[in-house]
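In the numbering used here, the protein residues as written are 510 to 783.
Worksheet: the structure to be examined is printed underneath.
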């Protein structure tokens, strides 16, 4: 048997750093309940707590909990989060970063989006270089990392097998993204979208959240900018910092820094963190 701590997902209210849920947090067991509980969340803390205990997609629940039970050998001595991964960042963010989904041994292990994997290493290093993150690394939920005027969300909140959610899973998860977009609207100025899957997922969520979206839809591309009519919000496309993209040179540090430095300027977040 694999050595290490108790296997399986973290218990709500069990003391995991940053866990906003507790045993009384309502659980979305169906797509209909996802919509109801997301729409009824009064603030981002409530939203993050509720999404972190969601069980509406049976395939994703089985996979994320199996990964937390078996664990990768390199992390055999570590506990796994094994639950949906909440958004990360302040409620009054001016920049929203939209990713695809947590990694099985990244966010699904650490409990924080883009944390504990190579994609996150690239993302947080870039955010730190341009002054949007306090630390250059994001290793665990209790490491002290903070984002400045920036909130990271995902199109799908559970780690999917082979990093490929189904369209049904994407659509079931959409109300969490819609409510994030609604709650951040008073301060939001820029949405940076990492990759084509997140780009496709974002537009119906924006429309459902009450933003005017252009028609026809603009195709995804690195550096593509779209201004949302009447909202004062720009949507910016960025290649995902996946290992495939970074290893092949499709994504470089300069490319990421350029996108996030531009986002910070557009959102008027220009003062660098100490």
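Even for Gly, the Cβ is constructed at its ideal location relative to N, Cα and C.
Model, not experiment: these values are computed from the prediction.
As a beta-bridge residue in DSSP terms, residue 606 pairs with 661 and 701.
Residue environment: residue 676 is assigned as exposed (fewer than 16 neighbouring CB atoms within 10 Å of its CB, all protein chains considered). Every alpha helix (DSSP H) of 4 residues or more that sits fully in the region 706-771 is shown, in chain order, as 752-757. Going by DSSP, residue 637 is part of the alpha helix (DSSP H) stretching over 627-638.
Ranking 593, 532, 755 and 738 by CA distance to the CA of residue 685 puts 593 first. By the neighbour-count criterion, in which 16 or more other beta carbons inside 10 Å mark a residue as buried, residue 615 falls on the buried side. For residue 623, the secondary structure class from DSSP, reduced to helix, strand or coil, is coil. By DSSP's assignment, residue 584 forms no beta bridge with any residue. Close CB contacts of residue 570 within its chain, under the 6 Å cut and outside five residues either way in sequence, are with 564 (chain order).
The criterion of a C-beta distance shorter than 8 Å is satisfied by residue 627 and residue 752. Check the Cα spacing between residue 612 and each of 590, 601 and 544: the tightest is with 590. Residue environment: residue 630 is assigned as buried (16 or more neighbouring CB atoms within 10 Å of its CB, all protein chains considered).
For residue 644, the secondary structure class from DSSP, reduced to helix, strand or coil, is coil. Distances from the alpha-carbon of residue 600 to those of 695, 549 and 638 put 695 closest. Around the beta carbon of residue 750, a 10 Å sphere encloses 16 or more other beta carbons of the protein chains shown; the residue is thus reported as buried.
Of the residues assessed, residue 557 falls on the buried side of the cut-off, its CB having 16 or more other CB atoms within 10 angstroms. Residue 579 is classed as exposed because its beta carbon has fewer than 16 other beta carbons within 10 Å across all chains shown. Segment contact: the region 654-662 against the region 520-540, fewer than three CB-CB distances shorter than 8 Å; contact not assigned. For residue 763, the closest C-alpha among the options 531, 568, 539 and 632 is that of 632. Each residue's CA atom was taken as its position, placing residue 543 and residue 682 some 7 Å apart. Beta bridge pairing from DSSP links residue 656 with 642. Close CB contacts of residue 674 within its chain, under the 7 Å cut and outside five residues either way in sequence, are with 610 and 665 (chain order). Counting along the chain, the unbroken alpha helix (DSSP H) around residue 574 starts and ends at 567-579.
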